[in-house]
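Chemist:
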Amino acid sequence: MTESGFVIIDGNELTCEEGETILQAARRAEIEIPTLCHDDRLTPAGACRICLVEIEGSNLMQPACATRVSPGMVVRTVTPRVDRNRQFILSLHLADTIQDRNLAEDNSPSRLHDLAERYGTSGQWTPVSSPRQGRPSDDNPYNQFRPDRCIACSLCTRYCDQVEAVSAITLAFKGARTTISTADERPLTDTTCELCGGCIDVCPTGAMTEKAALAWGKPERELEKVRTTCNFCGVGCQLDLNVDRSANRVVKVTSPPSGTTVNDGNLCVKGRFANDFIHHSDRLQEPLIRNEAGELVPATWDEALERVSEGLLGVAEEHGSDALAFISSSRCTGEENYLMQKLARAGFRTHNVHQCAAT
Amino acid sequence: MTNSIPEIREADFLFVIGSNTTEAHPIIAMEMKRAVQRGARLAVADPRAIWLTEIADWHLQLKPGSDVWLLNAMAHVIVTEGLENRQWLEANTENFDAVRETVLRYSPEEAETVTGVPAQAIREVARAYASTEKAGIYYTLGITEHTCGTDNVYALSNLVLMTGHLGLRSSGLNPLRGQNNVQGANDSGASPVFYPGYQRAADPEVREKFGAAWGVEQSDTTGLNLNEMMKAMGDGRLRGLYLMGEDIVISEPNVGRVEKALNELDFVVVQDIFFNESCRFADVVLPAACFAEKDGVFTNSDRRVQLVNRAVEAPGQARPDWEILLDVMKRVGLKQPEYSGPSEIYSEMASLAPKFAGISHRRIGREGGLQWPVTSEDDSSTEYLHKDGVLRGKGLFQPVEYSPPFEETDPEYPLILSTGRTLYHYNAATQTRRSEGLTTKQPEAFVEIHPSNARKLGVQDGQLVDVVSRRGRVRCRAMISRQVRRQAIWMPFHFPEARTNYLTTDAGDKVTGTGEYKVCAARIETVDQAAATQASFPGSYAAAVEG
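As structure tokens, then:
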């Protein structure tokens, strides 16, 4: 197709653009086609076959994620044959993982089970019991691969190849033995892996999970997600702190869906995993003031603030306000930086205020 | 950034200079990888063979501190081959001739002798940059942390202006901000030269405006920047310090001098989430809430103001910095409105800063992050800058001449030391070193040494060595790596027990005062391994500070 043209999907005449897939055209028209192995950040794999649709003039159904539209194409996404295929595929994948939804979702939610509930299955099949191997000796700090839940959709390996582009994990072996592994089955820390955790994020069955969250023991659905902005570098990734309300604790960090925020669903090792500091026992929990012996000792807020005020005012009185310096922080919020410079400029009439970075 | 982060994936040419993007800005690096997979060409200028060079079409492995030579030589190629965008630059810029005259003296051949980058590569990259429409420049502290940092930025902006790579999608000049809210802290006026919204403190009308709004007449004395503050602490001009959320004795250059100066002060308050190294010098330490325990906004590299939302309660008596600051303001007698919370504080700032006038917490909550300028409720987010012509009217060419780094190598200190961040740690590392996973991955400080140097010195990979500069001595592990140039070494600065900033120089850029973390002269000394291992408990390698 050289320029835009028309396709008909489920009777709707749609304008479509060059190079567009059936899935993309359908989505624009809000026609829902289920996908399992698809992710907008990746080139389509057409591996899971759940998105097969009927195309007029073709005996074989085609994957909507990987098939490009052509002018005049007539596509049907709601037919008994399409439905039967979806249910068949879902049963097939379910037989290859933990079938019971509650057990399957012991940690992260399972998109596979979600789809099975929405589109139905063709009954519960005998478990495949595929002899898929994990890497039990992989002592990397974050990522736990649970082979009994893997359906070999390859989302994780393709993410690793195409988005993080480090190709640390790969599909290994053939047939029912197909599994996710590394070169020589080495631990992740001994590969090119940069521990971004994207494999955990894209996994539709919870086969890739986070060790710490698994150890905490509460499924994600019982945690409250609080959307916020990452506190490390200047990219401004949006992330969801998953909070166990009863314990006042951030249990893990997940990324918002791709296509919704500046980070497009991606996070790095720090954003996703470096949250131990929040609840670390080293956190300062009470004000300290230096006593006459020169030691820092605990004090009340009232005492500490009084000492701050005396100290600052004392210097200003004796040496003038310009003998004070206020160092604000590019780690703190915009409002806090505003207040710090206001304290300097309005409280002490000095412009001696700066912060730690000057890119 | 003049562009937005999501525009990177659509670029056709990326010029990355002085940015180890995969380690310092991993998510921006993902966008760059995506562009390259799409077929974009990538040129990386960096003294080290960083990860991005693996997928780059060109790696310009310049000598640290020679950026002006490299960039002027690229400009030389553009003007001598007639690749400049005449029409655009005549309509949108001024002072081109001055730059033209200057860069004619910077031939690629001569640049090769100074920078070590082959003239042919300089020509190719200059041509590719000038002739690709969607061509973006991305830089970080490798450009700014030099005594000639401002000149480096001017040299880059000259390239942008002569090729007209501005005001277009995926095409612009993009500093990647190093910290979550560097942009926001500057936006908020935490700067001696700017009030909130980049209104100049030197301008009497601006002072008048803020004086009236706050009910306090404003000082007309010029304030000190951070670099000047550190020096003024030492010479008695400063007597008191309020330090919030920064560990200056880890992160400032030449920290030996900073420590000495801190001891001289009459009064020091440190406000932080951990008992950091600077707390040792404090008269009062105030416990603060971390980002997960408070509300507010962070502004990212592409000027996107985004919400920070409280998820959990702060531990013990720790309180959000904004609450503490308000209490301090009241105690020192500065009457403050009864703010209901950060959203009202933001509104006060927005009412005084036209660039943010249309931004509020409520609107961000509704629409997602907003990219300033947003000048009114009806104004929308600004995806990329200079769309309707250069903001200041005419883009100003600034001719720059090469000036050598503050410190050059000599027989006593024959190596160039550069410092930086790694993927697994973050600055003073009070947060990341408390993450078990990250410390497993990267437990301790190291110095990258080229194999040829290591051979000469008889240093084995993993062995403890001393890195020595005119200012200090730091013990850490040798990491033998072809990533660095032969005459260069590289160290991260995250480790308090091997404090890299004992070594660095506090010579600063003449305009911004930003320290020259990227270049100082150093040498490597081998140490008695048995004795070194025994004594290598934290703190033991603290420098013998000279001068």
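Chain order of the listed sequences is G and H.
Residues 1 to 359 (our numbering) make up the first sequence, in order.
Residues 1001 to 1547 (our numbering) make up the second sequence, in order.
Note that CB positions come from ideal geometry on N, CA and C, so glycine has one too.
Mind checking who W1490 of chain H pairs with in its DSSP beta bridge?
Modeler: As a working note, residue 1490 of chain H is residue 490 in the second sequence. DSSP, once it has assigned bridges, lists H:S1418 and H:E1448 as partnering W1490 of chain H.
Chemist: Compare the Cα-Cα distances from T209 of chain G to each of G:R272, G:D190 and G:S329 and report the closest residue.
Modeler: Indexing the first sequence from 1 puts residue 209 of chain G at position 209. Here the closest residue by C-alpha is G:R272.
Chemist: Quickly, what does DSSP pair Y1195 of chain H with across the bridge? List them, please.
Modeler: Here residue 1195 of chain H refers to the residue found at position 195 of the second sequence. Beta-bridge pairing links Y1195 of chain H to H:Q1199.
Chemist: Restricting to Cα atoms, I'd like to know which of H:P1047, H:E1228 and H:S1301 is closest to P1006 of chain H.
Modeler: Position 6 of the second sequence, counting from 1, holds the residue named residue 1006 of chain H. The shortest Cα separation from P1006 of chain H among H:P1047, H:E1228 and H:S1301 belongs to H:S1301.
Chemist: Counting only beta-carbon atoms, is K218 of chain G nearer than 9 Å to chain H?
Modeler: Mapped onto the first sequence, residue 218 of chain G falls at position 218. Not closer than 9 Å to any Cβ of chain H, the Cβ of K218 of chain G fails to qualify, so no.
Chemist: Alpha helix (DSSP H) containing V82 of chain G: first to last residue?
Modeler: Taking the first residue of the first sequence as position 1, residue 82 of chain G is located at position 82. Where V82 of chain G is concerned, the enclosing alpha helix (DSSP H) stretches over P80 to L94.
Chemist: Run through chain H and tell me which residues come within less than 7 Å of Y142 of chain G, C-beta to C-beta.
Modeler: Position 142 of the first sequence, counting from 1, holds the residue named residue 142 of chain G. G1437, listed in chain order.
Chemist: So, are the CB atoms of Q961 of chain H and Q1529 of chain H less than 9 Å apart?
Modeler: In the structure as shown, chain H starts at 1001 and stops at 1547, and residue 961 of chain H therefore has no counterpart that could be examined.
Chemist: What residue does the alpha helix (DSSP H) around T1115 of chain H start on, and which one ends it?
Modeler: Your numbering for residue 1115 of chain H matches position 115 in the second sequence. P1108 to T1115 is the extent of the alpha helix (DSSP H) around T1115 of chain H.
Chemist: What in chain G is Cβ-close to H1025 of chain H, meaning under 8 Å?
Modeler: Taking the second sequence and counting its residues from 1, one reaches residue 1025 of chain H at position 25. Ordered by position in chain G, the residues that pass the 8 Å Cβ test against H1025 of chain H are C233, G234 and V235.
Chemist: Count the other C-beta atoms from every protein chain shown that fall within 10 angstroms of the C-beta of A950 of chain H, then say buried if there are 16 or more, exposed otherwise.
Modeler: Since the displayed chain H opens at 1001 and closes at 1547, residue 950 of chain H lies outside it and no answer follows.
Chemist: DSSP three-state label for Q238 of chain G, please.
Modeler: Numbered from 1 along the first sequence, position 238 holds the residue referred to as residue 238 of chain G. In this structure, Q238 of chain G counts as strand in the three-state DSSP scheme.
Chemist: Answer with yes or no whether the minimum CB distance from D282 of chain G to chain H is below 9 Å.
Modeler: What you label residue 282 of chain G is simply residue 282 of the first sequence in a count that begins at 1. For D282 of chain G, the answer is yes, since a Cβ of chain H falls inside 9 Å of its Cβ.
Chemist: Give the range of the beta strand (DSSP E) segment to which F1298 of chain H is assigned.
Modeler: Against the second sequence, residue 1298 of chain H aligns to sequence position 298. Element bounds for F1298 of chain H: G1296 to T1299.
Chemist: At a CB-CB cut-off below 7 Å, which residues of chain B make contact with Q1431 of chain H?
Modeler: The structure shown has no chain B; the protein chains it does contain are G and H.
Chemist: Give, in chain order, every residue of the stretch 56-68 of chain G whose Cβ lies closer than 7 Å to some Cβ of chain H.
Modeler: Result list empty, no residue passes.
Chemist: Write down every uninterrupted run of the beta strand (DSSP E) in the stretch 150-186 of chain G whose length is 3 residues or greater and which is fully enclosed by it, in chain order.
Modeler: 169-172 and 179-182
Chemist: Look at the alpha carbon of E30 of chain G and the alpha carbon of L14 of chain G, and state the distance between them as a whole number of angstroms.
Modeler: Against the first sequence, residue 30 of chain G aligns to sequence position 30. Against the first sequence, residue 14 of chain G aligns to sequence position 14. Straight-line Cα distance between these residues: approximately 11 Å.
Chemist: With distances taken from CA atoms, which of G:V75, G:S181 and G:Q62 is nearest F6 of chain G?
Modeler: Counting from 1 along the first sequence, the entry for residue 6 of chain G is found at position 6. Just measuring C-alpha positions, the residue of G:V75, G:S181 and G:Q62 sitting nearest F6 of chain G is G:V75.
Chemist: Could you give the distance in angstroms between the alpha-carbon of T1514 of chain H and the alpha-carbon of C1148 of chain H?
Modeler: The sequence position of residue 1514 of chain H within the second sequence is 514, counting from 1. The sequence position of residue 1148 of chain H within the second sequence is 148, counting from 1. Using only the alpha carbons, I get a separation of about 10 Å.
Chemist: Using the C-alpha atoms, what's the distance from R227 of chain G back to A95 of chain G?
Modeler: As a working mapping, residue 95 of chain G is identified with position 95 in the first sequence. As a working mapping, residue 227 of chain G is identified with position 227 in the first sequence. Looking at the two C-alpha atoms, the distance is approximately 35 Å.
Chemist: Taking Cβ positions only, does V1249 of chain H come closer than 9 Å to chain G?
Modeler: Stepping through the second sequence from its first residue, residue 1249 of chain H is reached at position 249. It does not: the Cβ of V1249 of chain H has no partner Cβ on chain G nearer than 9 Å.
Chemist: Against chain H, does Q285 of chain G count as a neighbour if the rule is that its beta carbon must be under 9 Å from one of theirs?
Modeler: What you label residue 285 of chain G is simply residue 285 of the first sequence in a count that begins at 1. It does: the Cβ of Q285 of chain G has a partner Cβ on chain H nearer than 9 Å.
Chemist: Pick out whichever of G:D106, G:R101 and G:P44 has its Cα sitting closest to the Cα of E222 of chain G.
Modeler: If you number the first sequence from 1, residue 222 of chain G lands on position 222. Nearest C-alpha to E222 of chain G: G:D106.
Chemist: Just verifying my parser: in three-state terms, what is the DSSP assignment at T1504 of chain H?
Modeler: Working through the second sequence from its first residue, we reach residue 1504 of chain H at position 504. Coil.
Chemist: When you compare only the Cα positions, how much space is there between N1181 of chain H and G234 of chain G?
Modeler: The residue given as residue 1181 of chain H occupies position 181 in the second sequence. The residue given as residue 234 of chain G occupies position 234 in the first sequence. Each residue's alpha carbon lies about 6 Å from the other.
Chemist: What's the gap between the Cα of K1335 of chain H and the Cα of M1329 of chain H?
Modeler: Taking the first residue of the second sequence as 1, we reach residue 1335 of chain H at position 335. Taking the first residue of the second sequence as 1, we reach residue 1329 of chain H at position 329. Computed Cα separation, rounded: 7 Å.
Chemist: Between G:C51, G:R118 and G:D240, which lies nearest to M61 of chain G when the distance is taken from Cα to Cα?
Modeler: Residue 61 of chain G sits at position 61 when you count from the first residue of the first sequence. M61 of chain G has its Cα closest to that of G:C51, out of G:C51, G:R118 and G:D240.
Chemist: For D1272 of chain H, which beta-bridge partners are listed by DSSP?
Modeler: Mapped onto the second sequence, residue 1272 of chain H falls at position 272. Looking at the DSSP assignment, D1272 of chain H forms a beta bridge with H:P1287.
Chemist: With respect to the beta strand (DSSP E) encompassing V1467 of chain H, which residues constitute its N-terminal and C-terminal limits?
Modeler: Stepping through the second sequence from its first residue, residue 1467 of chain H is reached at position 467. That run of the beta strand (DSSP E) goes L1464 to S1469.
Chemist: Taking the beta strand (DSSP E) that M1479 of chain H belongs to, which residues open and close that run?
Modeler: Taking the first residue of the second sequence as position 1, residue 1479 of chain H is located at position 479. Per DSSP, M1479 of chain H belongs to the beta strand (DSSP E) from R1473 to I1480.
Chemist: Using a Cβ cut-off of 9 Å (strictly closer), state whether T261 of chain G contacts chain H.
Modeler: Along the first sequence, read from residue 1 onward, the residue named residue 261 of chain G stands at position 261. Cβ-Cβ to chain H under 9 Å: yes for T261 of chain G.
Chemist: Should G1018 of chain H be labelled buried (16 or more other beta-carbon atoms within 10 Å of its own) or exposed?
Modeler: Residue numbering aside, residue 1018 of chain H sits at position 18 when the second sequence is read from its first letter. Flag for G1018 of chain H reads buried.
Chemist: Closest to E1401 of chain H by C-alpha separation, out of H:G1082, H:A1098 and H:A1040, would be which residue?
Modeler: Counting from 1 along the second sequence, the entry for residue 1401 of chain H is found at position 401. Taking only the C-alpha atoms, the option nearest E1401 of chain H is H:A1098.
Chemist: Counting only beta-carbon separations shorter than 9 Å, does T359 of chain G have a partner in chain H?
Modeler: Translated into the one-based positions of the first sequence, residue 359 of chain G becomes position 359. Here the model assigns T359 of chain G a pLDDT of 39, short of 50, so the residue's position is not dependable, and the following value carries that caveat. Yes, contact with chain H.
Chemist: Since I50 of chain G is in the alpha helix (DSSP H), which residue starts that stretch and which ends it?
Modeler: Your numbering for residue 50 of chain G matches position 50 in the first sequence. Run containing I50 of chain G: none; DSSP gives neither H nor E here.
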